[in-house]
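Numbering (our numbering), first residue to last: 22 to 189. The beta-carbon is built from N, C-alpha and C at its ideal position, and this holds for glycine as well. None of the values given here were measured: they were computed from a predicted structure.
Below is the structure:
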């Protein structure tokens, strides 16, 4: 775990033990490699989000690329979730930043995308962003070919959470 972030919640204690303030997450080996390459190629455009993603990669358990698509949020999957501060269900496809230019795509470098990566259905996560507490819960995960997800009002125009063509 690097020293690039100064966040209120840390994933690991100073002795290297995992803390229970974040849910356990999983990444496929392929997603881990893609995300590490992405972070290497980035210039520090959003240090907080980039560091949060690095922390999530570092703390994830690595699973087979062949694991069931609905077991955890991974790159390319469709996810249905609720951000607790917003009273409606949101849907989108988790993608790399260069793929987030279309409607209902969520960049993995956005705060929402980074929070979603590796979570399974029924899991929740909380984090602090710019002094504001945020939380979300994953309701469903599907392979991107399983269905066509309808767009929510926020997703049609994109928003500051990396949905559409913006990168937060």
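Residue 130 sits away from residue 96, with the two beta carbons spaced by 8 Å or more. Per DSSP, the unbroken beta strand (DSSP E) holding residue 147 starts and ends at 145–150. For the pair residue 111 and residue 158, the Cα-to-Cα distance works out to about 10 Å.
Restricting attention to beta strand (DSSP E) runs no shorter than 3 residues, the stretch 41–98 encloses them at 47–49, 82–84, ordered along the chain. In this structure, the straight-line span from the alpha carbon of residue 115 to that of residue 122 is close to 12 Å. Sequence-distant partners of residue 164 (beyond 5 residues in either direction) whose C-beta falls short of 7 Å from its own C-beta, in its chain, are 90, 98. Counting only runs of 3 or more residues that sit fully inside the stretch 108–140, the beta strand (DSSP E) segments are 110–116, 126–128, in chain order. Within the DSSP bridge table, the entry for residue 158 names 103, 145 as partners. Here residue 133 is buried. Its C-beta has 16 or more other C-beta atoms within 10 Å. Non-local C-beta neighbours of residue 52 in its own chain, meaning closer than 6 Å and more than five positions away in sequence, comprise 95, 96, ordered along the chain.
The straight-line gap separating the alpha-carbon atoms of residue 77 and residue 60 is approximately 12 Å.
One Cα belongs to residue 74, the other to residue 137, and the distance between them is close to 10 Å. The C-alpha of residue 85 is placed about 22 Å away from the C-alpha of residue 160. The C-beta of residue 151 has fewer than 16 other C-beta atoms within 10 Å across all chains shown, which makes the residue exposed. A check of alpha carbon separations from residue 46 across 149, 105, 155, 144 identifies 144 as the nearest.
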